[in-house]
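**Student:**
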Amino acid sequence: MVEARWSPGGTSTCWEGVALSSVDGSSSTPLLSVRNLRTHFDVGGHAVKAVDGVSFDVHEGMTLGVVGESGSGKTVLSRSIMGINTASNASTTGSVRYNGTELIGKSKRELRDFWGEEMAMVFQDPMTSLNPVVRIGRQLTEHLRAHKKMSKAAATELAIQLLTWVRIPEPEQRLSNYPHQMSGGMRQRVCIAIALACSPNLLFADEPTTALDVTVQHQILNLLSQQQSERKMGMVLVTHDLGVVATRTDEIAVMYAGKIVEKASTSTLFSDMRHPYTQSLFWSIPKTSEPKHTRLSAIVGRPPNLAALPVGCSFADRCPYVQPICREVEPELTTDSTHSFACHLPVGSADADAALSSNIAQGLAQSEAAAIRRDAQTGASA
Ligand code: SF4
């Protein structure tokens, strides 16, 4: 019988008396290895390329931030890796290896062995991921009983411990609440408790703090960081906000139009970003150093239609550095000594500076906006 004790600080076991599933402790073997992953949706005979040739590794204890605007493919990426894309018109190809085991091609029944105990997900919207007509206690204990084969009493005891750990006051009383009787922050903490209940080795956190106020956002991110560091759990933190991942990730992958356009260690990305889209995302973060009522710097234009991507670079219509070659040849993801990026005129290069000056002279709107942002940035940091 399993004793109902949950320890957030364990390193090899989180359930006392229950060893975690086999994990290769070698730091050189990725916990998760994704190669050339594609998820396309057939919509009216057109392929909507939501994820298009994505590759990355996540090692034990590492946090990868996946950043991009809405519609860039971040959420579909997480769902494709987990195998929970339920749309009948979706087709996923490529390779997803968890601890060396290939997941692409496995049936839902086979994947259930990995969900919960091996990998889990905190969804973006707790109101849709929690069942609105089932009490919180039952949602927690059913999850535990299904995956851990626990008795009802043991599962209830553990559910109380989990709610306590995610700092929900009066956890015994809260077990009888329905989701609508809790605040948004509390519901999101319940979702985290459910995701972490089975001590997964890999957690996908998909916009876990969207729509929460900054205080609650900070608390929830701290809870996840605590788990990640104490248990050597691998984590993929998906967000549209570069500010959220700045201090909480080891590596960042920037997604645009279903592809990774830049990937680097967090420190490198912030100190030496090379892709204009990454730079635009960075510029759009509100700065505390700016005077009150400073207009927020949005990225000009909209993301492209994934069913009819342009020839060449997908960011061309919004890019302040765009040149004719960008509209003719799609840039490949290339890797230099510090990171990978896909751009013909990487930020910081002489070619990029010349392109920006030329575009400003020709009155290209996004280039003028970029120049204003750049000048403001330089002024703020001076
Ligand atoms: Fe901009 Fe051209 Fe680089 Fe695309 S390839 S991001 S359009 S400079």
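Numbered as in numbering that gives the first Met the number 0, the sequence shown ends at 381 without a single skipped number.
All residues carry an ideal CB built from backbone N, CA and C; glycine is no exception.
1. Is it true that the CB of serine 71 sits closer than 8 Å to the CB of proline 319?
2. Please report the Cβ distance between methionine 126 and arginine 186, rounded to the nearest whole angstrom; I am assuming they are in contact, meaning their Cβ atoms lie under 8 Å.
3. Quick one: Cα of leucine 195 to Cα of leucine 202, how far?
4. For isoleucine 284, is the classification buried or exposed, using 16 other Cβ atoms within 10 angstroms of its Cβ as the cut-off for buried?
5. For the stretch 174–236, list the beta strand (DSSP E) runs that are entirely contained and at least 3 residues long, ordered along the chain.
6. Are valine 237 and alanine 204 closer than 8 Å when you measure CB to CB?
7. Just mark glycine 184 as buried or exposed, buried being the case when its beta carbon has 16 or more other beta carbons within 10 Å.
8. Nearest-angstrom Cα distance between serine 296 and tryptophan 282?
9. For lysine 73, which residues from the same chain have a beta carbon less than 7 Å from its beta carbon, with the 5 sequence-adjacent residues on both sides left out?
10. Can you give me the C-alpha to C-alpha distance between glutamate 327 and serine 313, rounded to a whole angstrom?
11. Out of Leu363, Asp335, Val243, point me to the one whose CA is closest to threonine 209's CA.
12. What distance in whole Å lies between the Cβ atoms of glutamate 250 and methionine 61, which are believed to be in contact at a cut-off of 8 Å?
13. Would you tell me roughly how many angstroms separate the C-alpha atoms of glutamate 141 and valine 95, rounded to the nearest one?
14. Would you check whether the ligand SF4 has a heavy atom nearer than 7 Å to the C-beta of leucine 332?
15. Could you tell me the alpha carbon to alpha carbon distance between valine 215 and leucine 223, rounded to whole angstroms?
16. Nearest-angstrom Cα distance between leucine 36 and glutamine 172?
17. Could you pull the DSSP bridge partners for glycine 64 from this structure?
18. Pull the bridge partners of glutamate 101 from the DSSP assignment, please.
19. Taking just the CA atoms, how far does glycine 362 sit from leucine 31?
20. Does DSSP put phenylalanine 269 in a helix, a strand or coil?
21. Tell me whether alanine 364 sits in a helix, a strand or coil according to DSSP, three-state version.
22. What do you get for alanine 86, buried or exposed, if any count of 16 or more other CB atoms within 10 angstroms of its CB means buried?
23. Can you check DSSP and say which residues form a bridge with phenylalanine 55?
24. State the CB to CB distance for the pair isoleucine 135 and leucine 161, rounded to an integer number of angstroms; the pair is presumed to be in contact (CB under 8 Å).
25. Could you pull the DSSP bridge partners for isoleucine 259 from this structure?
26. With distances taken from each beta carbon to the nearest heavy atom of the ligand SF4, which residues come in below 5 Å, in chain order?
27. Which same chain residues, not among the five before or five after glutamate 63, have their C-beta less than 6 Å away from its C-beta?
28. Under the rule that 16 or more other beta-carbon atoms within 10 Å means buried, what is arginine 108, buried or exposed?
29. Where does the unbroken alpha helix (DSSP H) through histidine 338 begin, and where does it stop?
30. Exposed or buried, what is valine 47 when buried is set at 16 or more other beta-carbons lying within 10 Å of its beta-carbon?
31. Relative to the alpha-carbon of proline 275, which residue among Glu329, His343, Gln225, Ala364 has its alpha-carbon at the smallest distance?
32. Could you check the C-alpha separation between valine 50 and alanine 152 for me, to the nearest Å?
33. Less than 8 Å separating the beta-carbons of glycine 311 and glutamate 331?
34. Going by DSSP, what residue range makes up the beta strand (DSSP E) through proline 118?
35. Spatial neighbours of glutamine 322 within its chain, please: C-beta separation below 6 Å, excluding the five flanking residues on both sides.
**Tutor:** Straight from the coordinates:
1. Reading the sequence shown from its first residue, position 320 is the one you call residue 319. Reading the sequence shown from its first residue, position 72 is the one you call residue 71. Judged by beta-carbon spacing, serine 71 lies beyond the 8 Å limit of proline 319, meaning their Cβ atoms are not closer than that value.
2. As a working mapping, residue 126 is identified with position 127 in the sequence shown. As a working mapping, residue 186 is identified with position 187 in the sequence shown. The beta-carbon distance between methionine 126 and arginine 186, rounded to whole angstroms, is 7 Å. This is short enough to meet the 8 Å contact definition.
3. To locate residue 195, count along the sequence shown from 1; it is residue 196. To locate residue 202, count along the sequence shown from 1; it is residue 203. In this structure, the CA atom of leucine 195 is about 8 Å from the CA atom of leucine 202.
4. Counting from 1 along the sequence shown, the entry for residue 284 is found at position 285. Isoleucine 284 comes out exposed.
5. Unbroken beta strand (DSSP E) runs of no fewer than 3 residues, entirely contained in the stretch 174–236, are found at 201–205, following chain order.
6. For the purposes of this step, residue 237 is taken as the residue at position 238 of the sequence shown. For the purposes of this step, residue 204 is taken as the residue at position 205 of the sequence shown. A contact, by the Cβ cut-off of 8 Å.
7. Translated into positions along the sequence shown, residue 184 becomes position 185. Residue environment: glycine 184 is assigned as buried (16 or more neighbouring CB atoms within 10 Å of its CB, all protein chains considered).
8. By 1-based counting over the sequence shown, the position of residue 296 is 297. By 1-based counting over the sequence shown, the position of residue 282 is 283. Cα atoms of serine 296 and tryptophan 282: separation of roughly 6 Å, rounded to the nearest angstrom.
9. Along the sequence shown, read from residue 1 onward, the residue named residue 73 stands at position 74. Contacts found: Val65, Gly67, Val237, Met254.
10. Looking up residue 327 in the sequence shown gives position 328. Looking up residue 313 in the sequence shown gives position 314. Roughly 11 Å separates the two Cα atoms.
11. For the purposes of this step, residue 209 is taken as the residue at position 210 of the sequence shown. Shortest Cα-Cα distance from threonine 209 to any of Leu363, Asp335, Val243 involves Val243.
12. Against the sequence shown, residue 61 aligns to sequence position 62. Against the sequence shown, residue 250 aligns to sequence position 251. So it is a contact: roughly 7 Å between Cβ atoms.
13. Working through the sequence shown from its first residue, we reach residue 141 at position 142. Working through the sequence shown from its first residue, we reach residue 95 at position 96. About 28 Å.
14. Position 333 of the sequence shown, counted from the start, is the residue given in the question as residue 332. Every heavy atom of the ligand SF4 is 7 Å or more from the Cβ of leucine 332, so no.
15. Within the sequence shown, residue 215 is the residue found at index 216, counting from 1. Within the sequence shown, residue 223 is the residue found at index 224, counting from 1. Rounded to whole angstroms, the gap between the alpha carbons of valine 215 and leucine 223 is 12 Å.
16. The residue labelled residue 36 in the question sits at position 37 within the sequence shown. The residue labelled residue 172 in the question sits at position 173 within the sequence shown. Each residue's Cα considered, the two are about 44 Å apart.
17. Start at 1 with the first residue of the sequence shown, and residue 64 comes out as number 65. In the DSSP assignment, the residues bridged to glycine 64 are Leu236, Ile251.
18. Taking the sequence shown and counting its residues from 1, the one referred to as residue 101 is at position 102. Paired residues: Arg96.
19. For the purposes of this step, residue 31 is taken as the residue at position 32 of the sequence shown. For the purposes of this step, residue 362 is taken as the residue at position 363 of the sequence shown. Rounded to the nearest angstrom, the two C-alpha atoms are 46 Å apart.
20. Sequence index remark: in the sequence shown, residue 269 carries index 270 (1-based). Note: phenylalanine 269 maps to helix in three-state DSSP.
21. Walking along the sequence shown from the start, residue 364 turns up at place 365. The answer is helix: DSSP assigns alanine 364 an H, G or I state.
22. Your numbering for residue 86 matches position 87 in the sequence shown. With fewer than 16 Cβ atoms within 10 Å of its Cβ, alanine 86 is classed as exposed.
23. Here residue 55 corresponds to residue number 56 of the sequence shown, with the count starting at 1. Val33, per the DSSP bridge assignment.
24. Sequence index remark: in the sequence shown, residue 135 carries index 136 (1-based). Sequence index remark: in the sequence shown, residue 161 carries index 162 (1-based). Between leucine 161 and isoleucine 135 the Cβ distance is about 11 Å, and since that is not below 8 Å, they are no contact.
25. Walking along the sequence shown from the start, residue 259 turns up at place 260. Answer by DSSP bridge pairing, in chain order: Met254.
26. Ordered by chain, the residues meeting the criterion of a beta-carbon within less than 5 Å of a non-hydrogen atom of the ligand SF4 are Pro275, Cys312, Phe314, Ala315, Cys318, Tyr320, Val321, Cys325, Pro330, Cys342, His343, Leu344.
27. Here residue 63 refers to the residue found at position 64 when the sequence shown is read from its first residue. The sequence shown places leucine at residue 63, rather than the glutamate named in the question. Within the same chain, leucine 63 has close Cβ partners Val57, Val235, Glu250.
28. Taking the sequence shown and counting its residues from 1, the one referred to as residue 108 is at position 109. Exposed is the call here.
29. Taking the sequence shown and counting its residues from 1, the one referred to as residue 338 is at position 339. Counting along the chain, histidine 338 falls outside any alpha helix (DSSP H), though it belongs to the beta strand (DSSP E) covering 338–340.
30. Here the question's residue 47 lines up with position 48 in the sequence shown. By the 10 Å Cβ count, valine 47 comes out buried.
31. For the purposes of this step, residue 275 is taken as the residue at position 276 of the sequence shown. Of the candidates Glu329, His343, Gln225, Ala364, the residue whose Cα lies closest to the Cα of proline 275 is His343.
32. Translated into positions along the sequence shown, residue 50 becomes position 51. Translated into positions along the sequence shown, residue 152 becomes position 153. CA-CA distance, valine 50 to alanine 152, rounds to 43 Å.
33. Here the question's residue 311 lines up with position 312 in the sequence shown. Here the question's residue 331 lines up with position 332 in the sequence shown. It is not a contact, given that the beta carbons lie outside the stated cut-off.
34. Within the sequence shown, the letter at position 119 stands for residue 118. Looking at the sequence itself, residue 118 is methionine, so the reference to proline does not match. Taken as a continuous stretch (DSSP letters only), the beta strand (DSSP E) holding methionine 118 covers 118–121.
35. The count along the sequence shown starts at 1 and reaches residue 322 at position 323. Same-chain partners within the cutoff: Ala354.
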